[in-house]
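Q: Dropping the structure in here first, questions after.
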Amino acid sequence: MTLFKSATEKVIKVRERIQAKREELQKKQAQLNDEIKALVDQKENEFQQAILEDDTSYSDTKIRKAIGKANEELQDVRQQLASLDDLEAKQLEGLKGEIDTEFRKVRNEETERLNKHEREIQKMKMEYFKKFVEYTEEVKKSEARLREVNNVKEQVGLKTTPIDMKMMYIVNQYTGTEFHPMVVTGEMRDVYNGRIPYSNEVIEKYSK
């Protein structure tokens, strides 16, 4: 007895076997149709020849038997083809419950597998946020140092310089060549659809 690993494999194998038999019978059906046509043509030719030659001994009994036999075989093949359709429908109907159960099982497995990836992305996202907050704290330190120097510049009579060390806040603009630390909507749209929206050179540069 053949053992199948899954209901899906059962369906595939059942359909493959039935289709193989169907193609075999269809080929035989075509051959029988050709054979019957050839026999009918032969019968007609022999009949006409007998008339032309005034052959009173001519009998078509043998060829009629051959035609009858071929027609019987053809009818049998047609019945087998019809029974294959019934067999396939019955087998597939019997596997519906197993297929439905298997689909739910596979869906649960794949959901859990993808959830692991999502949890990894969530972890990376939180790390990204923490790193961004850390960056803003470093910006404050940098600006504090510059303000000290600015104050001294003012005291000695030099023109002070505006202080804004934080990176530019972008909303949804990217060129595809400049890789900004801030994630924007356009980038996420491309990534969500399975494509990193940057050239190989940019990807390689910022993957190191």
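Under our numbering, the sequence shown has 225 at position 191, and the numbering climbs by one with no breaks.
We treat Cβ as the ideally placed atom computed from N, Cα and C, and that holds for glycine.
Note that this is a predicted model, so its numbers are computed, not measured.
Val218 by DSSP, collapsed to three states: which one?
A: Within the sequence shown, numbered from 1, the residue matching residue 218 stands at position 184. Looking at Val218 - three-state DSSP - the assignment turns out to be coil, as it is neither helix nor strand.
Q: Give the straight-line distance between the Cα atoms of Ala104 and Lys47, rounded to the nearest whole angstrom.
A: Counting from 1 along the sequence shown, the entry for residue 104 is found at position 70. Counting from 1 along the sequence shown, the entry for residue 47 is found at position 13. If you take the alpha carbons of Ala104 and Lys47, they lie about 32 Å apart.
Q: What is the DSSP secondary structure of Ile230, counted as helix, strand or coil?
A: Locating residue 230 in the sequence shown gives position 196, where the first residue counts as 1. Of the three classes helix, strand and coil, the one that applies to Ile230 here is coil, per DSSP.
Q: Determine the direct distance from the alpha carbon of Arg98 to that of Ile70, and round the result to whole angstroms.
A: Position 36 of the sequence shown holds residue 70. Position 64 of the sequence shown holds residue 98. In a straight line, the C-alpha of Ile70 is about 10 Å away from that of Arg98.
Q: Rounded to the nearest angstrom, what separates Tyr240 and Val45 at their Cα positions?
A: Locating residue 240 in the sequence shown gives position 206, counting from the first residue. Locating residue 45 in the sequence shown gives position 11, counting from the first residue. Going from the Cα of Tyr240 to the Cα of Val45 covers about 48 Å.
Q: Could you give the distance in angstroms between the alpha-carbon of Thr170 and the alpha-carbon of Asn142?
A: Here residue 170 refers to the residue found at position 136 when the sequence shown is read from its first residue. Here residue 142 refers to the residue found at position 108 when the sequence shown is read from its first residue. Rounded to the nearest angstrom, the two C-alpha atoms are 41 Å apart.
Q: Considering just the uninterrupted stretch of the alpha helix (DSSP H) at Ser176, what are its terminal residues?
A: Along the sequence shown, read from residue 1 onward, the residue named residue 176 stands at position 142. Here the alpha helix (DSSP H) through Ser176 covers Thr95 to Gln189.
Q: Reducing DSSP to helix, strand and coil, say where Leu192 ends up.
A: Numbered from 1 along the sequence shown, position 158 holds the residue referred to as residue 192. Three-state DSSP puts Leu192 in coil, outside helix and strand.
Q: Is it a yes or a no for the stretch 81-92 touching the stretch 110-118, going by three-plus beta-carbon pairs under 8 Å?
A: Not touching, per the Cβ criterion.
Q: Classify Val225: buried if its beta carbon has 16 or more other beta carbons within 10 angstroms, exposed otherwise.
A: Taking the sequence shown and counting its residues from 1, one reaches residue 225 at position 191. So Val225 ends up on the exposed side.
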